[in-house]
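Since the structure comes first, as structure tokens, the remarks are kept for the end.
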Amino acid sequence: MSNEANLHGHTEIVTTHEVHHDEHHVHHHKETFITKYIFSQDHKTIGKQFLITGIAWAVIGGLFSVLFRLQLGFPDQTFPILETFFGRYAKGGQIQPEFYYALITMHGTVLVFFVLTAGLSGTFANLLIPLQCGARDMASPFLNMLSYWFFFLASVVMVSSLFVSTGPASGGWTMYPPLSALGDANEGSRLGTDLWLVAMALFVVSSLLGGLNYISTILNMRTKGMSMTRLPLTIWALFFTAILGVLSFPVLLSGFILLLFDRNLGTSFYLSDIFISQTGQALANEGGSAILYQHLFWFLGHPEVYIIILPSMGIVSEVLAVNSRKPIFGYMAMVGSLFAITILAFLVWAHHMFVTGLNPFLGSIFVLLTLLIAVPSAIKVFNWLTTLWRGNIRLTPATLFSIGFVSLFISGGLTGVFLGNSTIDIHLHDTKFIVAHFHIVMGVASFFGMFAGVYHWFPKMFGRYLNNTLGFIHFWVTIIGAYLIFWPMHYEGLAGVPRRYLDLRGWHNFNHFGELNKMITVVSIIVFAVQLMFIFNFFYSIFKGRKVRHQNPWGATTLDWTTPIRPGHGNWTGEIPEVHRWAYDYGKDGREFIPQTEPIGKGESHH
Amino acid sequence: MQTFFIILILAFGFLITFQIAKASEYVAVLRGEEKARRQTNRINAFLLLAFLVIGLIGVYYCNERLKGKILGESASVQGEKIDTMLYITLAITGVVFFITQILLFWFAYKYQESDKRKAYYYPHNNKLEIIWTVIPAIALTALVGFGIYYWFKITGDAPENAMQVEVTGSQFKWEFRYPGRDGVFGKKYYKEISPEKSNPLGQIWDDPYNHDDAITTELHLVVNKPVKLIIGSKDVIHDVGLTAFRMKMDAVPGTPTTMWFTPKFTTKQMIEKTGDPDFVYELSCDQMCGKGHYGMRGVVIVETQEEYDRWIISQESQYSRAHPQPAAPKSQPADTTKVAAVNLKN
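What follows is the structure in structure tokens.
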């Protein structure tokens, strides 16, 4: 811990130095390019590193989805250009099954973990926790830096797995054994899966280092007067996200380690009674349970979807309140529902396993607990609606994405009520219905939260604005596209079309959605192109965007906007400001907004 | 060449968009950011409202286009319960969907920024919050209640008179085993599996119950007679998906699972009902099982008892396939074991 003290001392020095130079982006003379931009311990820089790495991953993951959508939309056509790039994986310009399954596996892994976990909570937890709690940096800036570099290392290993000769992992992002354990049953389950597991183990380390840091910073390093109930909802959401991660990622890691043992050391945790027809061999393994893995996986897997959605909920709450010029409605209910979701997130994992032969009684308990989650979710939706009600809403790109988030969260949340009910799940399990459900509610909705956050805090990150017009186009194409892609997909699921089928032409009962699948593919290409436009906007605006000239451009109450326009390491030039009120005094007593730093006036009304 | 042109057009389109976006940014700076915001605010608020209206029309249109392609009547008695549950849930969630989406976009339109309005300071209202905690809780209690009731009906024990069929998945095909006249499946052990020796499921030939068990590539079921499937897998996890019957159960290596249902219509009746001369019940693998997953198809034929009896009698037992007899009279001992097996069972 002496190390930490040293680091902290260093931070203080930087800060005092900053006093004279805050507007000029000049840093402590000891900072080199490497310590400032690469091995930086400044939480803001680490946040940006997470964001930019996340963007790179999002392009890769999104591109994968475009490739497999080509196959789904046009199974009878050939694309010679694919053969040019992917060789035998796209023989004759057609995506081969092995390639297809590798694509969907990597698409899922990349988007769920590398983009929507690391890219989302990595970015905003790092950026916002110290800024909004009133801290100079994280509790341990060094561990925080390690957290990013473990993530980077995980990324390197994961990318390298794309280039091994037997192909990357292709057992689905859930990596169920025995498929993922047996190289003879599945090409991708050879070296590709070992690399996948190693990358994920590194990822878990990164996530734990980050999560512990977030929790300790929020609990211990809030500025004077910043009681927990005065925290903005972003911080509450990130706090619960970190707790979920810290408690559930280790379970996932244990599941992965057992899988590594089964793959390489001849153990039988998940394997039993297996005869592989490709080799004509019966394996020696007996007594293992393939279902055990699913329990371990979903014990993280389900909290994981909340790890993905909670930060977005926090961001959306904040953005909607700021831009409605109204306090968030029902602050305590919002915190309470986040808490309820966090608890319930741990108690519902087996609803992914209703048709695995799970004891029906156990199943019924999970139905009850799963549908209970709808209550706090409903509270949140109604509170967001009431926040908008009688507001004075500024429709910035961030606000639009927040409204889009609420819309998608409603749509996707309601289909969750179908799937959480085991009776209906018998029919809908593993069909396109579930694909549509989770893409809307945790995929696209979380992305909307992330976009809202990027548009809203871009001025804080880079001292410039994103281009608004491109932002509006980005929003409208994305929301229309998302609904066009995923809304009709529910119907395919209701018809029983299984997910992970790359060609439906061999099936009598599933083969009547050809036109629909074409439409979905075309729309998804357009939506992907517009995301590239957003990324262009992002990088262009870092250097050429309209400059921020006002310290508090959105008129927000929170502490992040009391820092200089381009804060240095240490964030505030003088003393850290003291907090006197909650984060949502908008439109109170006829005033536009009252910053958290302003003492309670005499005769001020109570909320 | 075509691809190249598409990329060119996209790039060009993007360039134009970007130039317009850049220009509008300059205009915004010149005219004053407040003023520019007011204008985009109006446009976006209108678009939000338009999105709501067109979106709702789209929901209706999508339903009109696709509703004929989905469920149809359930082909099993148990599936009716699933459909009922589906429609109950659809009704409740549908109401919530329309109310909340309409409010969301309407509020966003109605309360767009205006000089005339001041935001209303309204931090909380306990009464409201209790109302929208209690109402969803009641609705969900109803859904949980119905759901669990049906769930236990469907997953409860199969009736006594149910016929039994064993379903085994392997990459990438389905095999079905019928217990034969004795009604009992012989023992099996996975290490006995040997396709070369005509023993695809690893039956233990010493067990006389095995001698009349037949292995087929089609699943034949009797209409209106409950059937219990005993489901297993030889290699990785598969899933027996029977969409028309609304049934689904994983096939897990090493851990047998079961599922039962009662088919309502024969294949022939379904052909008449759907007006589709090629109609066939399909068994799909619904759990990712490797590169041939999307083609792991089985055919299910539902027929009358007489048709079924005629079919099952024509099926040769796997035992006699694995132990081919050179001359006809020598097949006698096999038959006696069958009789013995029946006796044993009785």
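From first to last, the protein sequence lines stand for chains W and X. If you read the first sequence in the working numbering, its first letter stands for residue 45, the second for the next number, and so on. If you read the second sequence in the working numbering, its first letter stands for residue -8, the second for the next number, and so on. C-beta atoms are modelled at their ideal positions from N, C-alpha and C, and glycine is treated no differently.
Kindly indicate the opening and closing residues of the alpha helix (DSSP H) around residue i.
i, result
"W:M189", "P185 to S205"
"X:Q92", "V68 to K101"
"W:I318", "Here W:I318 belongs to no alpha helix (DSSP H), and DSSP marks it neither H nor E."
"W:D238", "L235 to N264"
"W:V110", "H87 to G117"
"X:W142", "N117 to T146"
"X:E64", "Counting along the chain, X:E64 falls outside any alpha helix (DSSP H), and DSSP gives it neither H nor E."
"W:T565", "G558 to K588"
"W:M219", "Neither: W:M219 is in no alpha helix (DSSP H) and is coded neither H nor E."
Near residue i, what residues of its chain come up, given a Cβ to Cβ distance below 7 Å and the 5 sequence neighbours on each side ignored?
i, result
"W:I287", "I259 and T386"
"W:L416", "L388"
"X:Q278", "I228, H229, D230 and D241"
"W:L402", "A394"
"W:F449", "S356, V360, A489, F492, G493 and A496"
"W:I468", "F462"
"W:A245", "L297 and F300"
"W:R234", "T210 and G227"
"W:H473", "F398 and V399"
"W:T76", "none"
For my contact list, residue i and residue j are in at a C-beta cut-off of 8 Å; report their separation, rounded to the angstrom.
i, j, result
"W:I351", "W:T285", "5 Å"
"W:F464", "W:V485", "Before going further, note that residue 464 of chain W is Gly rather than Phe in the sequence given. The Cβ separation is near 12 Å, so there is no contact."
"W:A183", "W:N264", "6 Å"
"W:F373", "X:P254", "About 53 Å separates the two Cβ atoms, so there is no contact after all."
"W:H151", "W:F108", "4 Å"
"W:T149", "W:G215", "6 Å"
"W:S165", "W:P355", "5 Å"
"W:V567", "W:L514", "No, W:V567 and W:L514 are not in contact; Cβ-Cβ is about 20 Å, not under 8 Å."
"W:T459", "W:H346", "About 16 Å; that fails the 8 Å criterion."
What span of residues does the beta strand (DSSP E) with residue i cover, start to end?
i, result
"X:G289", "R288 to E294"
"X:W251", "T248 to F252"
"X:H229", "H229 to L233"
"X:A242", "M238 to A242"
"W:E231", "W:E231 -> no beta strand (DSSP E), and no H or E assigned at all."
"W:G331", "Taken as a continuous stretch (DSSP letters only), W:G331 belongs to no beta strand (DSSP E), as it is neither H nor E."
"X:Y272", "Y272 to C276"
Can you list, in chain order, the residues of its chain with a C-beta nearer than 6 Å to that of residue i? Leave out the 5 residues immediately preceding and following it.
i, result
"W:V488", "L452 and A526"
"W:A169", "Y258 and L282"
"W:H68", "Reliability of the predicted coordinates at W:H68 is poor, the pLDDT of 43 falling under 50, and the value obtained from them is presented with this limitation in mind. Hits under 6 Å: none found."
"W:Y630", "R369, K370, P371 and F637"
"W:L432", "S368"
"W:M202", "A243"
Name the DSSP beta bridge partners of residue i, please?
i, result
"X:K216", "Answer by DSSP bridge pairing: none, since X:K216 is not bridged."
"X:L210", "X:V291"
"W:E648", "According to DSSP, which records beta bridges pairwise, W:E648 is partnered with nothing at all."
"X:Q30", "Per DSSP, none; premise fails for X:Q30."
"W:L344", "Paired residues: none, contrary to the question."
"X:G223", "X:T159"
"W:P542", "W:T475"
"X:R358", "Any question about residue 358 of chain X goes unanswered here, given that chain X covers just -8 to 337."
"W:Y630", "W:F637"
"W:I437", "X:Q103"
"W:R508", "W:K591"
Apart from the five residues just before and just after residue i, which ones in its own chain have a Cβ nearer than 8 Å to its Cβ?
i, result
"W:T641", "L603, T606, P621, E622, V623 and H624"
"W:P420", "G380, S381, L382, A384, I385 and L388"
Residue i: beta carbon under 7 Å from a heavy atom of the ligand SAM?
i, result
"W:Y628", "The model on display carries no ligand, and the ligand SAM is accordingly not part of it."
task: Give a yes or no on contact between the region 481 to 497 of chain W and the region 426 to 445 of chain W, applying the rule of three or more CB pairs nearer than 8 Å.
output: yes
query: Given 8 Å as the limit, is there contact between the region 315 to 327 of chain W and the region 239 to 247 of chain X, that is, 3 or more CB pairs closer than that?
result: yes
field: Inter-stretch contact (C-beta, 8 Å, three-pair minimum) for the region 191 to 206 of chain X and the region 165 to 182 of chain X
entry: Touching, yes.
query: Pairing CB atoms from the region 207 to 214 of chain W with CB atoms from the region 179 to 198 of chain W, are three or more of them under 8 Å?
result: no
query: So does the region 101 to 115 of chain X actually touch the region 418 to 426 of chain W, counting three or more Cβ pairs closer than 8 Å?
result: With the cut-off at 8 Å, the region 101 to 115 of chain X and the region 418 to 426 of chain W do not touch.
field: the region 70 to 81 of chain X touching the region 138 to 157 of chain X, judged by at least three CB pairs closer than 8 Å
entry: yes
query: For the 8 Å Cβ check, are there 3 or more pairs between the region 38 to 45 of chain X and the region 89 to 104 of chain X?
result: yes
message: I'd like to know if the region 502 to 516 of chain W and the region 253 to 270 of chain X are in contact, where contact means that at least 3 CB-CB pairs between them fall below 8 Å.
response: In the pairwise beta carbon analysis, the region 502 to 516 of chain W is classified as not touching the region 253 to 270 of chain X: fewer than three pairs are separated by under 8 Å.
- prompt: Per the contact definition of three or more C-beta pairs closer than 8 Å, is the region 531 to 549 of chain W in contact with the region 55 to 71 of chain X?
  reply: yes
message: Closer than 8 Å is the cut-off here; do at least three beta carbon pairs connect the region 207 to 223 of chain X with the region 154 to 162 of chain X?
response: yes
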